[in-house]
Every structure is written in structure tokens, then in C-alpha cells.
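In full-length UniProt numbering, the protein residues as written are 1 to 550.
For each residue, glycine too, the CB sits at the ideal point set by N, CA and C.
Note that the coordinates shown come from a computational prediction; the quantities given were computed from them, not determined experimentally.
Have a look at the structure below before the remarks.
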Amino acid sequence: VEYVEDAQNLVGLKLLPRIDYDRRRGRALGAEEDDSKFKRFKRPVQALFASSKVPDRIQRDGSYVIFEGNRYDHQGFLHKAFRMNAIASEGIRPTLAELERFHQTPDSAQLAAVASTAAASATVAPVGSSGEAVITHCFTPGDVVEVCEGDLKNLRGKIISIEGNTRIVVQPNHSDLREPIPFTPVELRKFFSQGDHVKVLAGRHANQTGLVIRFEPNLAVVLSDNGMNELKVAPKDLRLWQDRSTSLDSSGHVQMMDLVEVDPQTVGVVVNVERDQVSVLTCFGKVVNLKSNTALRRLNTQRRRPPQAMDRNGNLIQLKQTVRLLEKPNCGLIGEVKHLYRSWAFIYSRTHLENAGLVVAKTRQLAVLNSTQSAGDQSRPNDVRTITPITGLRSAAGGDNSIGGRGRGDRMERKLVGKTARIVQGTLKGLLGIICDATPTHVMLELHSQFRKVPVARENVALLDSGGRIMDTQYGATTPRITPMREMRTPQIAYGAQTPHVASTTPRGDSTPLPSSFNAGLATPRLSNLDDPMTPSSCEFLVTKFFFWL
1 VEYVEDAQNL VGLKLLPRID YDRRRGRALG AEEDDSKFKR FKRPVQALFA
51 SSKVPDRIQR DGSYVIFEGN RYDHQGFLHK AFRMNAIASE GIRPTLAELE
101 RFHQTPDSAQ LAAVASTAAA SATVAPVGSS GEAVITHCFT PGDVVEVCEG
151 DLKNLRGKII SIEGNTRIVV QPNHSDLREP IPFTPVELRK FFSQGDHVKV
201 LAGRHANQTG LVIRFEPNLA VVLSDNGMNE LKVAPKDLRL WQDRSTSLDS
251 SGHVQMMDLV EVDPQTVGVV VNVERDQVSV LTCFGKVVNL KSNTALRRLN
301 TQRRRPPQAM DRNGNLIQLK QTVRLLEKPN CGLIGEVKHL YRSWAFIYSR
351 THLENAGLVV AKTRQLAVLN STQSAGDQSR PNDVRTITPI TGLRSAAGGD
401 NSIGGRGRGD RMERKLVGKT ARIVQGTLKG LLGIICDATP THVMLELHSQ
451 FRKVPVAREN VALLDSGGRI MDTQYGATTP RITPMREMRT PQIAYGAQTP
501 HVASTTPRGD STPLPSSFNA GLATPRLSNL DDPMTPSSCE FLVTKFFFWL
């Protein structure tokens, strides 16, 4: 090891090369590939570089010789920089011959020359084309750094000033160290904590921002603000940042969450925007990467009528509604409707970590959780899917044709709201819930065991008392209408069974044929039906029918 650059994550090594001098190069390379099919590869031996074997293929660079892009010194050693994660330093046991080959003690003259060269390079900073000094390190005032070398290793602090390329003054974050301490750039490296909002300065993800979710000395994992994807960035390329990066591409035509047309048969939503690339989640569930200069037509412009669709249960789906996915691979996922296009729906969920939280599905694979209603649907109060708390009930019970008159039906329906009921018939039989809304024919029941509201016919619902028992009514949701009929039942039956009433018919049946033939309903067999209060000819039946339709 010759040098270590923590800021650049590089290690300079001096090693013995493996060079095959007999390998064909240039035009003879094609013939060698044909012959290599029949030859077995043999690894070259490890030896010092001999420039005399390839004198026509070498170049001079001061005291170094360049051969095939690699630098060799006058002794034949290869000098090359490697990434830290590409080398292994633990468990290495060199032999005595290897130690003797690399161990060379310089004399005093060589040491003096090296010291003077280092001093000159420390005092003279690189100069740019316009004459200004060039900063070779990646630190700026305000950065949180950690000492990686020396006696103060692992000490953390904040940079308060920078003096050229050789001196960085750090205010240590330690109770015993109160004075600023100067360091060299080689002794420091950037440090970030989980949750820090940072910006990428260079590399593939340049100018993107996000939150640090994992930090290591040589690697930082950042959750991007423009999507739910993770970015792996070197710490030297990060900086603390407060603002969010823009979600516009380089052309400025599209931005995140825009509904665009990829081709005449495919539409999608923008899930990631980079400097030269735009990622689109298509309606078929695939992510396509397009260049930023690709002509994409936006579809989510202002419309006269908002898009609508129907879910599996026949409920109306609109934008910004909460829905649940009913089929795999995202079965059970709950999210908000971002876009609707024909039979496709793009759902946004915070718990979905891919494609910026977007999922695409057919509208028939969804179920609405909290349905809302447009103004045009409020004129149909008896429709199961269009129950509204006030307007629908007033139009249903307070109209001119209402039995209870203006306002009476409204008050009767409001009495049911908030009561506990049980479904006694149908596919949901046995489930409990609270009545949220009601019409003369249906009630909207919020189920206890399921996170949803369901419309149920009133004859399939029974009210429950405080003890959880079903109330003694024929129709739980129509208790105010059935009670008067039961209160008048006893006098009606007594009236039909009175002895004078039945006895007085006997002379009428034995009278002259004129009454019998003129009014056949007064015959003796016909009068026997008066004992049954529920026959069509009885008075009680007519009274019962009248109160039933109330």
C-alpha cells in the first residue's frame, strides 16, 4: 500500500504484474481469438516488467513507463489505484521472499528530496484556466465530518472554515474539546446521520435529493424525493440540503405523477424524472425508460367532466377516492385514485415502495371504501348507491306524494341514523353495524367487522336494543310504521268476533230471495269469513293494508 484516499475511496498499490508478452495484439488479435478456441488459457507468471521485451509499445512519463495504460517504475513494479471494496487486507500472510522484494530502505538524500517535493506541493495550490485556485477536496463549510486518521480518529465535528487545499478547521463535537482544531483533507471524511436530507452533487444521480436511510463510511443509501427508489451514493458526493429537487425533466414538459401517452395504444404515469431520462409506469404494469426529449403528450389536462368508473360492486369511482385492490399481486393494498383512464386506474399508496408508490389495476379489481357522490346523483334517493344524508332524504320523504307529508318522513328516517342493527337476510347475514344513512327502502350500514359501508334493504335489517337482542318488530328499520298496526289489532279482532254482529246475519240470510240474489255477498257462507280477520273481505284486512303501506 502506497497511499489511501478516503475522500475518493481509493487505495494506491505497488504490485508485481502478470504480463503475457507473447499475446498477439492489434491486427493479430482476431487470429488469436480463432486459435484460442483450441488452446487452453494459461495464466502468466508474476514477474517484474521488462521494457526491453516490448520496446516499440511503451511510452515515457517522467520516471515511469506506460504500457497498455498501466504505469510501471524503473524497477518493474506496477503502480495502480483500486477501490477499497476491491481489495482484501485481512488474513494476508506474506512470505519472506515477498517481504524482501518489496522492502527497500531509502537513503537520506532520497528522503530529503521527497520532503522538499511534499512541501512545495503543499504550499502551491492548483490553478485553473482563468487563474483562480482549484479546490481538490469535496468539503465545504457546514459539513459534518469524522476524523479517519491520527490520534483523534472517530472524532466528529463541523467544518467552520477552509484554507485552500491543505487546512480545514473543524469545531469538534466533544465536551472536552472546545477549541477549533485544524486538519488536512486526507484526515477527514463526510459523516451523515439517518434522516438527514441531502443532495447528490455528482454521479449518475446528480441533483437529486432525498433522505439518508443507511450510512456506512464508504456508502450511503438515500431514499429519493422524486420516487420511492433507493440511491446508492458515495458520501463524498453528498451534501446537506433543505430544499427538494425539482420533478421536471430537462425539457420541462412533464413532471412526476403526470398521465402521459407513450404511444397510441399505451398510456402511463411518470414515476421518476432524471436529467436525461423519464420513467413511465404503463397501464400494462411495466416501467419503460424514455429519453427526456421524447415527445410525450400529457393527458391530465383540465377536463369539463372528471373521469369516472365503476368498481366490482357497482359503486362509482372518482379521483382522490380511497379504494382497495381485490386481486393479486397487490391484493389488500389500500390507496388513493390518482388517475382514471378508460378501464385502468392508477392507485397511489404510501406503503408501496416501488414506482413512486403507484400501482395500476383494472377498475373491476377495485372496491371503493368511502364513496362520494356527484350532484347529479342526489336526485335519486331510492337508489342503493346514491344515499345522501340530507338532500336525498328530503326529496324522498318531504315531497308532495309522501305519505307522512312534508318533513314527516325526513324525521322518521333520521331516527334510524346511529342505531345498531343486524343483517338478518342475504349474503351478509349475521353481521352487525351502525346505520349511517337511510331512505324509505334502504339503509347504509357501516359494518363493525369490515372496513366498509354496505347498502342493505330495510326488510333485511333488524334493530338491536342496548343488550344486543333483536327488537320485537317485524322489520327492524321500519319500527315506527309497524307499531300502530299492532296497537289496533286487538279491537279489530274483537269487533269481528262480536256475537250480535254474526247473529244478526241469520235473518238476512233467511229473508226473501231478493236480498240474497240482489247482494250475493250477504249470503250465509260469505258471512262465515268474518271470523277470519285477514280475509280480503274483512274490514280488518283493509285497515291492516292501509297501515302497512304507511
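If you count every other CB in all the chains shown that lies within 10 Å of the CB of F183, and 16 or more means buried, which is it? Against the sequence shown, residue 183 aligns to sequence position 183. F183 should be labelled buried.
Is the CB-CB distance between N289 and Q277 below 7 Å? The residue labelled residue 289 in the question sits at position 289 within the sequence shown. The residue labelled residue 277 in the question sits at position 277 within the sequence shown. Yes; because the gap between Cβ atoms is below 7 Å, this pair is in contact.
Since Y3 is in the beta strand (DSSP E), which residue starts that stretch and which ends it? Taking the sequence shown and counting its residues from 1, the one referred to as residue 3 is at position 3. Y3 to E5 is the extent of the beta strand (DSSP E) around Y3.
According to DSSP, simplified to helix, strand and coil, what is residue 551? Since the first residue of the chain shown is 1 and the last is 550, residue 551 is not available in this structure.
Could you tell me the distance, in whole angstroms, from the CA atom of V254 to the CA atom of H339? If you number the sequence shown from 1, residue 254 lands on position 254. If you number the sequence shown from 1, residue 339 lands on position 339. Distance between the alpha carbons of V254 and H339 is about 15 Å.
Nearest by alpha-carbon distance to T439: which of K453, A457 and L432 is it? In the sequence shown, the residue the question calls residue 439 occupies position 439. The candidate whose alpha carbon is nearest that of T439 is A457.
Per DSSP, the bridge partner or partners of P182: Residue 182 sits at position 182 when you count from the first residue of the sequence shown. Under DSSP, P182 shares a beta bridge with V169.
When you compare only the Cα positions, how much space is there between residue 554 and T322? Given that the chain is displayed from residue 1 to residue 550, the structure contains no residue 554 and the question cannot be resolved.
Which partner residues of I317 appear in the DSSP bridge assignment? Along the sequence shown, one-based indexing puts residue 317 at 317. DSSP, once it has assigned bridges, lists A309 as partnering I317.
Restricting to Cα atoms, I'd like to know which of D61, K42, K419 and L16 is closest to A50. Looking up residue 50 in the sequence shown gives position 50. Comparing Cα positions, the closest option is L16.
Straight-line CA distance for K236 to S343? On the sequence shown, residue 236 is found 236 positions in, with the first residue counted as 1. On the sequence shown, residue 343 is found 343 positions in, with the first residue counted as 1. Spanning the two alpha carbons is a distance of roughly 47 Å.
Buried or exposed: D263, going by 16 or more other Cβ atoms within 10 Å of its Cβ? By 1-based counting over the sequence shown, the position of residue 263 is 263. By the 10 Å Cβ count, D263 comes out exposed.
Would you say K328 touches the ligand ADP, meaning its beta carbon is less than 6 Å from a heavy atom? The ligand ADP is not part of this structure, which contains no ligands at all.
If you reduce the DSSP assignment to three classes, tell me which class L99 lands in. By one-based count along the sequence shown, residue 99 stands at place 99. Of the three classes helix, strand and coil, the one that applies to L99 here is helix, per DSSP.
Work out the CA separation of F102 and R71 for me, nearest whole Å. Here the question's residue 71 lines up with position 71 in the sequence shown. Here the question's residue 102 lines up with position 102 in the sequence shown. Approximately 17 Å, taken between the alpha carbons.
If you follow the beta strand (DSSP E) that V424 is in, where does it begin and where does it stop? Walking along the sequence shown from the start, residue 424 turns up at place 424. First-last for V424: undefined, no H or E at that position.
Bridge partners - I66, DSSP secondary structure assignment: Working through the sequence shown from its first residue, we reach residue 66 at position 66. Bridge partners of I66: Q59 and R71.
The beta strand (DSSP E) with L296 in it runs from where to where? Indexing the sequence shown from 1 puts residue 296 at position 296. Taken as a continuous stretch (DSSP letters only), L296 belongs to no beta strand (DSSP E), as it is neither H nor E.
What's the call for T209, buried or exposed, on a 16-neighbour Cβ count within 10 Å? The residue given as residue 209 occupies position 209 in the sequence shown. So T209 counts as buried.
Cβ pair Q46, R18 closer than 7 Å: Here residue 46 refers to the residue found at position 46 of the sequence shown. Here residue 18 refers to the residue found at position 18 of the sequence shown. Contact flag set, yes.
When DSSP builds the beta bridges, which residues end up paired with Y21? Within the sequence shown, the letter at position 21 stands for residue 21. BP columns for Y21 are empty, so no partner.
Just how far apart, CA to CA, sit C283 and L428? Within the sequence shown, residue 283 is the residue found at index 283, counting from 1. Within the sequence shown, residue 428 is the residue found at index 428, counting from 1. If you take the alpha carbons of C283 and L428, they lie about 34 Å apart.
Report the rounded CA-to-CA distance for residue 626 versus V198, giving the unit in angstroms. Nothing in the structure corresponds to residue 626, since the chain is present only between 1 and 550.
What residues are listed by DSSP as bridge partners for M444? In the sequence shown, residue 444 corresponds to position 444, counting from 1. Answer is D437 and P455.
State the beta-bridge partners of I162 as determined by DSSP. Indexing the sequence shown from 1 puts residue 162 at position 162. BP columns for I162 point to I168.
So, for C148: in the same chain, excluding its five sequence neighbours on each side, which residues have a beta-carbon less than 6 Å away from its beta-carbon? Within the sequence shown, the letter at position 148 stands for residue 148. Excluding sequence neighbours, C148 sits near D6 and R189.
Who are the near neighbours of V65 in its chain, counting only those whose CB is closer than 6 Å to its CB and skipping five residues on each side? Taking the sequence shown and counting its residues from 1, one reaches residue 65 at position 65. Taken in chain order, the residues that qualify are S51, I58 and Y72.
Starting from R83, trace the beta strand (DSSP E) both ways and give me its first and last residue. Locating residue 83 in the sequence shown gives position 83, counting from the first residue. Start and end: L78 to R83.
From this set, D20, I160, V1 and S193, which residue's C-alpha is nearest L240's C-alpha? Position 240 of the sequence shown holds residue 240. Here the closest residue by C-alpha is S193.
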